[in-house]
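Okay, so the first sequence: first residue is 151 according to this note's numbering, each after it adds one.
Each remark here refers to the structure printed beneath this line.
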Amino acid sequence: MKQSHIFTKTRKDISKNEESKNAQILLRAGFIHKEMAGVYSYLYLGKRVLDKIQQVIREELDAIGCQEIIMTALQSKTVWEPTNRWADDVVDNWFKTNLANGTELGLAFTHEEPMTRIMREYVSSYKDLPQLTYQFQTKFRNEARAKSGIMRGREFLMKDLYSFHTDKESHLVFYNQMKDVYMKIFTRLGLGEGTFLTMSSGEPFSQYSFEFQTLSEAGEDTILYDTQHKVAVNKDDYSETIFSDFGIDMKDLNLLEGKSIEIGDIYTLGTKYSEALGLTYADANGQNIPVFMGSYGIGVSRIMGTMVEFFAQGDKMTWPEEIAPFKVHLIALNTDKSEVMKSAEQLYQDLHTTGIEVLFDDRDERPGSKFSDADLIGIPHRVIVSNRSLEHGGAEYNGTILSLDQIQKELS
RNA sequence: CGGGGAGUGGCGCAGUGGUAGCGCACCUGGUUUGGGACCAGGGGGUCGCAGGUUCAAGUCCUGUCUCCCCGACCA
């Protein structure tokens with residue numbers, strides 16, 4: 151893509167009303183547009199980042215046999231009443247509305263109930279289990295107070311996975327596998343270093359659940375973590391014995407305290423939803439038994455914000471290689487010189503045809519503003535073609551001049 | 001939901017009762033060109049909305065909507 155064709159521009163200033171670092175950088179770089187508090191549009195560059203985060207998650211989930219679907223955000227109250235989660239005094243952040251005929255609707259804040267309801271149509275035997283379904287879906291939560299830029303919005307993109315098993319044992323096998331899969335995902339996303347498997351106080355259905363917490367000053371949570379064992383506990387839930395479930399002796403731990411962002415979580419749901427909604431299967435003896443369930447979330451848009459919090463330094467952002475909107479930022483200086491533009495254009499075409507994603511800054515701007523823009527946009531590989539670089543025989547990459555062919559090889 | 005702050009060109013801001021301004025961005029011309037250039041000229045705002053006070057309201061009063069920060073909440 152040629153930068154001169156992108157409708158967004160970078161900005162020098164941003165409202166002092168928007169304080170969070172992720173919103174500052176993303177707004178200034180033109181990745182997102184704020185519609186209202188907690189509600190953001192994702193523009194060209196931001197959409198590309200979001201897509202790449204999704205793709206990493208998709209690849210890892212598909213690899214273990216999960217099936218991608220997409221459910222509706224429009225929810226009928228009849229699906230939610232059996233679990234008592236339609237009631238406003240139980241769930242206070244519904245966005246509710248009505249059909250023209252008066253039927254009450256809600257915008258989904260999660261999808262356990264409708265997913266369970268769908269499964270009821272298809273699961274009737276132990277032979278139909280296990281099933282693993284997931285989606286990337288917009289969730290709506292009428293937060294009393296949106297904050298922290300895209301980290302806590304009223305509308306956000308989430309990956310939610312649901313697992314359906316015959317019993318607790320088979321569920322736990324998958325559940326434990328998911329701990330590793332999640333860490334693998336976060337590692338690929340470039341957040342592995344700062345992300346900890348974190349024990350959290352249980353849901354009503356189990357003693358503990360696990361969160362995946364990424365260390366950040368912008369976080370809303372506080373964890374006690376151990377870098378060597380790569381485990382943590384939510385500070386609120388800390389107790390003397392909590393680490394025994396990890397098989398770790400407290401004496402071996404060196405606990406540090408830090409603020410963190412919850413980027414994912416995994417829950418054992420048990421039979422709460424299957425019982426309420428009548429999702430049962432016939433076992434080998436023909437007996438009807440409630441399906442044993444789990445749910446597994448990753449905040450996709452929140453991860454995008456977390457990356458900015460994690461990687462941006464001042465006005466300079468650096469996206470992880472796999473997530474960056476483009477792999478290479480090709481910057482042409484001295485755009486009035488035809489040799490420069492000819493070489494840059496040639497390199498752009500060559501990279502493009504070999505399948506390398508490249509953003510080509512072909513704009514007629516001064517070097518300083520091009521570099522500042524590039525810093526803000528945060529593409530990890532930068533190649534500069536200029537009068538000077540051509541005089542030295544090519545383009546600049548990582549501080550050295552290489553021939554265009556060499557650059558092509560380096561980046562392939 | 002409690003406390004605090006703020007709504008003025010696309011963006012960031014100034015303007016305490018008397019002809020709406022500045023910076024960025026934008027347009028034209030020129031000079032510049034390896035870290036957000038400079039000169040000259042130019043376009044663009046019924047000051048969140050509604051009502052009121054006044055000869056006169058961006059400015060004062062009342063109501064209302066919205067945004068941000070802190071706290072509570074976050075299944």
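For every residue, glycine included, the Cβ atom is placed at its ideal position computed from N, Cα and C.
Would you mind reading off the limits of the beta strand (DSSP E) that contains residue i?
i, result
"Gly447", "Phe442 to Gly449"
"Phe306", "Glu305 to His315"
"Gln499", "Segment Ser488 to Thr503 is the alpha helix (DSSP H) holding Gln499; no beta strand (DSSP E) there."
"Asp399", "Asp399 -> no beta strand (DSSP E), and no H or E assigned at all."
"Lys128", "Since the first residue of the chain shown is 151 and the last is 562, residue 128 is not available in this structure."
"Gly414", "Leu406 to Gly420"
"Lys289", "Gln281 to Phe290"
"Gln225", "Leu224 to Ser226"
"Lys171", "Unbroken run through Lys171 is the alpha helix (DSSP H), Lys171 to Arg178; no beta strand (DSSP E)."
"Ala545", "Ala545 to Tyr547"
"Ser359", "Tyr358 to Leu365"
Do residue j and residue i have their beta-carbon atoms positioned less than 8 Å apart in this structure?
i, j, result
"Thr485", "Asp523", "no"
"Phe290", "Arg304", "yes"
"Ile203", "Leu339", "yes"
"Leu200", "Val478", "no"
"Leu177", "Ile164", "yes"
"Phe324", "Pro280", "yes"
"Leu405", "Asp386", "no"
"Gln287", "Ile220", "yes"
"Phe476", "Thr316", "no"
"Ile529", "Trp469", "yes"
"Met301", "Thr283", "no"
"Leu374", "Tyr388", "yes"
"Gln285", "Gly256", "no"
"Tyr431", "Tyr276", "yes"
"Arg553", "Thr504", "The question names Arg, but residue 553 in the sequence shown is Ser. No; because the gap between Cβ atoms is not below 8 Å, this pair is not in contact."
"Thr233", "Ala426", "yes"
Should residue i go down as buried or exposed, given a rule of 16 or more other Cβ atoms within 10 Å for buried?
i, result
"Val331", "buried"
"Phe336", "buried"
"Ser313", "buried"
"Pro517", "exposed"
"Ser488", "exposed"
"Tyr272", "exposed"
"Glu262", "buried"
"Thr418", "buried"
"Met454", "buried"
"Asn172", "buried"
"Val240", "exposed"
"Ile214", "exposed"
"His321", "buried"
"Arg198", "buried"
Taking the alpha-carbon positions, what's the residue i to residue j distance?
i, j, result
"Ser536", "Gln496", "13 Å"
"Ser154", "Ser366", "35 Å"
"Thr456", "Phe396", "26 Å"
"Val533", "Ala462", "20 Å"
"Gly180", "Lys409", "28 Å"
"Gly342", "Lys334", "8 Å"
"Asn438", "Met328", "28 Å"
"Leu483", "Gln217", "47 Å"
"Arg270", "Ala187", "38 Å"
"Glu293", "Asp525", "33 Å"
"Lys227", "Glu254", "7 Å"
"Tyr547", "Ile481", "11 Å"
"Ala368", "Asn384", "16 Å"
"Gly549", "Met151", "24 Å"
"Gly196", "Tyr423", "36 Å"
"Asn243", "Gln378", "39 Å"
"Ser394", "Met400", "8 Å"
"Ala237", "Glu319", "33 Å"
Give the C-beta separation of residue i and residue j to the nearest angstrom, bearing in mind that I take them to be a contact with Cβ-Cβ under 8 Å.
i, j, result
"Ser445", "Asp278", "Actually they are not in contact, since the Cβ atoms of Ser445 and Asp278 sit about 19 Å apart, beyond 8 Å."
"Phe460", "Asp415", "The pair is not a contact, with the Cβ atoms about 18 Å apart (cut-off 8 Å)."
"Ser191", "His183", "4 Å"
"Ile398", "Arg452", "No, Ile398 and Arg452 are not in contact; Cβ-Cβ is about 28 Å, not under 8 Å."
"Ala258", "Ala223", "5 Å"
"Gly464", "Met308", "With a Cβ gap of about 30 Å, Gly464 and Met308 do not count as contacting."
"Leu501", "Val508", "5 Å"
Which two residues bound the contiguous alpha helix (DSSP H) that contains residue i?
i, result
"Thr233", "It is not in any alpha helix (DSSP H) - Thr233 carries neither H nor E in the DSSP assignment."
"Glu209", "Tyr194 to Ala213"
"Ser539", "Asn537 to Glu541"
"Tyr375", "Counting along the chain, Tyr375 falls outside any alpha helix (DSSP H), though it belongs to the beta strand (DSSP E) covering Asp371 to Asp376."
"Phe259", "Here Phe259 belongs to no alpha helix (DSSP H), and DSSP marks it neither H nor E."
"Ala382", "Note, Ala382: premise wrong, no alpha helix (DSSP H); beta strand (DSSP E) at Val381 to Asn384."
"Ile557", "Leu554 to Leu561"
"Ile527", "Pro517 to Ile527"
"Phe336", "Lys318 to Arg338"
"Leu480", "It is not in any alpha helix (DSSP H) - Leu480 instead sits in the beta strand (DSSP E) that spans Val478 to Ala482."
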